[in-house]
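If you read the sequence shown in UniProt numbering, its first letter stands for residue 1, the second for the next number, and so on. Think of the CB as a built atom: it goes at the ideal place given N, C-alpha and C, for glycine as much as any other residue. Everything on this sheet refers to the single structure shown next.
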Amino acid sequence: MHSYTPRGVCSRQIDVEVNGDTVESVQFTGGCDGNLKAISKLVAGMKVDDVAALLEGNTCGRRSTSCADQMVRALREAQAEGQA
């Protein structure tokens with residue numbers, strides 16, 4: 001499990017589990033509870049690159065980022081950590 005502290009969004013922590021290039025699980029602390037639970041279910045089992053292609057750069061309101069964009073950063077970090 002990799003813990004990531006997002007910046008510029010409502011969620012306070014994103015915990016991700018990546019197995020090779022596949023998302024095993026994602027759990028958000030804080031933020032829009034229902035939406036983030038749904039995103040977590042949708043990305044489970046997907047390839048990190050596929051999640052990034054869909055969600056990287058996504059914004060929220062006036063913010064230049066979103067919880068989904070921050071999740072991609074967390075997944076990339078976890079993936080790099082696993083390959084180190």
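Buried or exposed (CB count within 10 angstroms, at least 16 for buried), residue 55: Along the sequence shown, one-based indexing puts residue 55 at 55. With 16 or more other Cβ atoms within 10 Å, it is buried.
Close Cβ partners of residue 93 (< 7 Å) along its chain, the five nearest in sequence each way excluded: The structure shown has nothing for residue 93, since the chain only spans 1 to 84.
Alpha-carbon spacing of residue 1 relative to residue 17, whole angstroms: For the purposes of this step, residue 1 is taken as residue 1 along the sequence shown, with counting starting at 1. For the purposes of this step, residue 17 is taken as residue 17 along the sequence shown, with counting starting at 1. The alpha-carbon atoms of residue 1 and residue 17 are separated by roughly 5 Å.
Beta-bridge partners of residue 15, as assigned by DSSP: By one-based count along the sequence shown, residue 15 stands at place 15. Beta-bridge pairing links residue 15 to 3, 27.
Close beta carbons around residue 36, own chain, < 7 Å, minus the five adjacent residues each side: Reading the sequence shown from its first residue, position 36 is the one you call residue 36. So the list reads 11, 28, 67, once near-sequence residues are dropped.
Cβ-based neighbour list, residue 78, same chain, cut-off 8 Å, excluding 5 preceding and 5 following: Counting from 1 along the sequence shown, the entry for residue 78 is found at position 78. A distance below 8 Å between beta-carbons, with the five flanking residues on each side excluded, links residue 78 to the following residues of its chain, in chain order: 2, 4, 16, 17, 18.
Bridge partners - residue 22, DSSP secondary structure assignment: Residue mapping note: residue 22 aligns to position 22 of the sequence shown, counting from 1. For residue 22, which the question treats as bridged, DSSP gives the partners 19, 47.
Collapsed DSSP secondary structure at residue 58 in the structure displayed: Counting from 1 along the sequence shown, the entry for residue 58 is found at position 58. Of the three classes helix, strand and coil, the one that applies to residue 58 here is coil, per DSSP.
DSSP-derived helix/strand/coil call for residue 8: Numbered from its first residue, the sequence shown carries residue 8 at position 8. Residue 8: coil per DSSP, three-state reduction.
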